[in-house]
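Below: one structure, written as structure tokens.
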Amino acid sequence: MALLEIRDLRVSFACGPAGGGRGRGAGAAEGRARAVDGASLSVEAGEVLGLVGESGCGKTTTALSILRLLPPGGRVDSGSIRFEGRDGTVRDLLAMGEAELRAFRWKEASVVFQGSMNALNPVQRVGDQIVEAIELHEEVEREEAVRRVKRLFERVGIEGSRAKEYPHEFSGGMRQRAMIAMALALGPRLVIGDEPTTALDVMVQAQIFRLIAELRSELGLSMILITHDLSVLGEVCDRVAVMYAGTVVESGSLGQVLEAPEHPYTRRLAASFPRPGGERRLPESIPGEPPDLRRPEPGCPFAPRCGDAREECRETRPAPRELGGGHLVSCLGGRRG
Amino acid sequence: MRRAFLRRLLGAALTVLGVLAINYFLFRVMPGDPVAMLVRNPKMTAEALARTRASLGLDRPWHEQFRSYLAGLARADLGSSFIFKRPVLAVIGERLLPTLLLTLVAEALAIAGGMLVGIVSAWKRGTKADVLGLGFTLLAYSMPTFWLGILLVALFAGRLGLFPVSGMLSPGLAFAPLAQRLGDVLTHLALPSITLALVLMGEYALIMRNAMIEVLTEDYIVTARAKGLSERGILRRHALPNAMIPMTTLIAMSLGFAITGALQVETVFSWPGLGRLMYEALKGRDYPLLQGIFLVTSVCVVGANFAADILYRYIDPRVRD
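From first to last, the protein sequence lines stand for chains F and G. In terms of this note's numbering, the first sequence has 67 at position 59, counting the first letter as 1, and numbering is strictly consecutive. In terms of this note's numbering, the second sequence has 389 at position 157, counting the first letter as 1, and numbering is strictly consecutive.
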């Protein structure tokens with residue numbers, strides 16, 4: 009099987025009464041918003057999957073569910089997340105007990121958080137925060153752990169001596185590098201990058217992506233790279249999964265999804281990004297707005313905004329359809345002529 | 233670092249000097265004549281009154297009085313108390329220890345208890361433990377100190393007879409062996425220190441709870457959890473060190489005021505401390521003694537702030553340079 013397989017994941021968050029008290033409560037689970045609504049995706053060993061979609065579409069929630077790191081009020085309602093361990097055994101991450109879960113975190117799958125500004129503890133030395141992760145999972149002498157942190161720092165392009173410094177003494181780019189070093193400290197099988205370059209300037213973004221690409225070919229890392237920036241995908245990703253309103257609407261290789269998008273949403277999304285050297289025009293926006301997650305509709309979530317929607321689209325939720333070569337699309341509409 | 237230290241020290245010294253001058257004149261514009269308070273004999277002749285006034289130095293012009301006060305201060309001479317007829321320093325000195333004993337024990341209890349309640353409340357916020365812990369501390373916090381003291385006396389000293397009603401040492405034990413005296417002081421200490429601790433605890437618990445709740449929403453808590461830390465480990469290694477930053481300020485400030493903050497408790501329990509001494513000095517218009525107490529208080533408050541400033545550099549690396 010694949011390294012990671014998410015099947016039909018449903019996650020909801022506690023929130024105020026549905027419909028703002030207008031008394032239309034019968035629809036969803038009461039007072040809960042469905043942030044992820046039947047998402048499925050998989051990551052093969054050694055592969056980088058780009059997870060794209062607009063803000064609030066459930067990218068981060070899906071990724072945090074893998075490590076069971078949902079914030080208070082969040083809950084996985086159904087689905088399965090299966091992960092193949094180093095020894096070839098496959099475990100359902102959603103069924104793991106507390107101790108097993110703690111041993112799994114960071115050792116098998118780690119995260120490079122978005123906006124690393126606050127992802128590091130401000131009153132602890134950066135190096136110590138990485139040493140902490142190592143000591144938590146491995147029986148090593150402190151000196152050995154410190155030496156490893158130095159090597160990690162040098163690998164991501166920071167002087168080893170700066171491990172003794174505090175996060176506020178680092179620039180944004182250095183903090184992100186340190187975060188990457190921390191994510192790699194235990195040699196995990198999967199690294200989740202949650203918008204790792206957001207809030208960094210373009211030059212630093214490029215450096216970080218070069219680093220990720222290098223590390224990836226060097227270590228054979230599997231990654232999930234979350235982003236809302238399509239231009240980022242081409243730099244490091246092998247495959248792409250597009251999310252909309254809590255479900256994965258299309259997935260496939262980079263070429264399949266970006267060059268020959270099949271789902272109307274992916275097409276509009278791809279069209280809204282200007283290409284360098286292309287004709288000079290304002291990007292098109294998609295009319296309408298994403299559905300209210302507190303009241304999931306039975307049909308395709310994109311139907312209200314889709315130009316090609318038929319009656320059927322508003323009633324039946326489309327299942328993923330294989331188009332060949334691993335290209336999956338969740339849309340009832342046939343290939344348009 | 234060294235320069236910052238010296239600059240702050242200088243600032244602290246200047247503050248104490250300013251407070252000194254204000255205190256000096258503050259007492260002299262207060263209504264009430266110290267000689268009249270002292271003599272209490274309506275038939276005393278005018279010459280005798282003038283003589284008393286002169287013996288206290290109150291007949292000289294105010295600037296001369298102030299100058300000799302400052303000159304005395306420079307020699308660590310705070311003058312003589314009007315009512316006790318002894319050097320102010322000696323009078324304050326013998327009251328200092330009981331006050332420190334009472335307030336430090338109470339503060340230690342309050343800080344430990346308040347932090348515990350605050351941490352548990354934040355960690356289990358919205359649960360019964362939160363409501364119960366917070367409700368109890370708020371109740372104690374909003375109760376008048378003297379009222380709480382009287383209630384505790386009525387219950388534990390009066391009805392149950394577990395502790396002595398007042399004072400610091402039972403009469404007749406002044407020459408008893410040290411161990412016996414120590415035990416006796418401890419039983420006397422119980423009620424006043426618990427009263428003071430209960431009153432002080434609420435503030436610590438509230439600030440601790442707020443600080444913890446804020447820290448627990450930070451990204452680095454998610455990072456810690458992602459790394460595989462247990463909930464206890466997250467609390468101890470990531471949440472607490474950050475939540476302690478606002479707590480340290482509060483603790484330092486409270487400790488500065490602790491020396492006279494026990495006025496009500498000392499009065500209710502007849503504890504022979506500085507708070508009660510201040511009350512007596514105020515009633516008797518004892519200028520030198522009042523000035524002395526205020527000087528000690530100011531030095532403590534300013535000193536505590538100074539200590540907090542320095543301590544801050546150790547717990548928050550961001551203010552180090």
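Don't be surprised by glycine CBs; every beta carbon is placed ideally from N, CA and C.
By the CB criterion at 8 Å, VAL19 of chain F and LEU78 of chain F fall inside the cutoff.
Contacts with chain F at 8 Å (Cβ-Cβ) do not include HIS420 of chain G. According to the DSSP assignment, SER88 of chain F belongs to the beta strand (DSSP E) that extends over 82 to 92.
ALA422 of chain G is positioned such that its CB atom lies closer than 8 Å to that of PHE395 of chain G. Judged by beta-carbon spacing, LEU233 of chain F lies beyond the 8 Å limit of VAL250 of chain F, meaning their Cβ atoms are not closer than that value. Counting only residues of its own chain and dropping the five nearest sequence neighbours on each side, GLN264 of chain F has a CB closer than 6 Å to the CB of HIS335. Only residues of its own chain outside the window of five on either side were considered, and among them ALA111, TRP114, LYS115 and LEU194 have a CB closer than 8 Å to the CB of HIS145 of chain F, listed in chain order. Within the stretch 161 to 227 of chain F, the beta strand (DSSP E) runs of at least 3 residues that lie entirely inside it are, in chain order, 198 to 202. Across the stretch 444 to 464 of chain G, CB contacts with chain F closer than 8 Å involve GLU450, ASP451, TYR452, VAL454, THR455, ALA456, ARG457, ALA458, LYS459, GLY460, LEU461 and SER462, in sequence order along the chain. Within 7 Å of the CB of ASP548 of chain G, the CB atoms of chain F belong to VAL131, in sequence order along the chain.
Counting only runs that start and end inside the stretch 405 to 488 of chain G, the alpha helix (DSSP H) elements of at least 4 residues fall at 410 to 448, 451 to 458 and 463 to 466. In the three-state reduction of the DSSP assignment, VAL131 of chain F falls in the coil class, being assigned neither a helical nor a strand state.
Ranked by how close their Cα comes to the Cα of VAL534 of chain G, the residues G:VAL320, G:GLU279, G:ALA490 and G:ASN273 have G:ALA490 in first place. Chain order gives the chain G residues near LEU77 of chain F as VAL454, ARG457 and ALA458, where near means a beta carbon separation below 9 Å.
Not flagged as an interface residue toward chain F: ASN442 of chain G, since no C-beta distance is shorter than 8 Å. Taken in chain order, the members of the stretch 142 to 166 of chain F whose beta-carbon sits within less than 9 Å of a beta-carbon on chain G are LEU144 and HIS145. Ranked by Cα distance from ARG508 of chain G, the first of G:GLN496, G:LEU482 and G:PHE237 is G:GLN496. In its chain, beyond the 5 residues on either side, LEU521 and LEU522 have a beta carbon closer than 6 Å to the beta carbon of ALA513 of chain G.
Shown here for ARG240 of chain G: same chain residues with a beta carbon closer than 8 Å to its own, the five before and five after excluded, namely PHE538, ASP541 and ILE542 in chain order. Annotated three-state conformation of ALA111 of chain F is helix, per DSSP. Non-local beta-carbon contacts of ARG325 of chain F in its own chain, meaning distances under 7 Å to residues more than five positions away in sequence, involve PRO306, GLY307 and CYS308 in chain order. Between ALA103 of chain F and ILE200 of chain F, the C-beta gap is not smaller than 8 Å, which leaves the two residues out of contact. Listed in chain order, the non-local C-beta contacts of TYR174 of chain F below 8 Å within the same chain comprise PRO130, VAL131, GLN132, ARG133 and VAL134, local neighbours out to five positions each way being set aside.
Residue environment: ASN255 of chain G is assigned as buried (16 or more neighbouring CB atoms within 10 Å of its CB, all protein chains considered).
The beta carbon of ALA317 of chain F is closer than 6 Å to those of ALA311 in its chain, skipping five residues each way along the sequence.
The straight-line gap separating the alpha-carbon atoms of SER486 of chain G and GLY64 of chain F is approximately 46 Å. Your pair ARG357 of chain G and ILE445 of chain G checks out as a contact, with CB atoms roughly 6 Å apart and the cut at 8 Å.
Contact with chain G is found for GLU140 of chain F, since one of that chain's Cβ atoms lies less than 8 Å from the residue's Cβ. For LEU328 of chain G, the enclosing alpha helix (DSSP H) has its first and last residue at 320 to 355. A distance below 8 Å separates the beta carbons of VAL447 of chain G and ALA471 of chain G.
Unbroken alpha helix (DSSP H) stretches of 4 residues or longer found wholly inside the stretch 245 to 306 of chain G: 266 to 271, 278 to 287 and 294 to 306, given in chain order. Identification of residues in the stretch 246 to 260 of chain G having a C-beta nearer than 7 Å to some C-beta of chain F yields an empty set. Here the alpha carbons of VAL363 of chain G and VAL257 of chain F stand approximately 45 Å from one another. Assigned with DSSP and collapsed to three states, MET510 of chain G falls in helix. Among the bridge pairs identified by DSSP, SER230 of chain F is matched with F:LEU198. Closest option to GLU323 of chain F, judged by alpha-carbon separation, among F:ARG329, F:PRO304, F:ARG276 and F:ARG283: F:PRO304.
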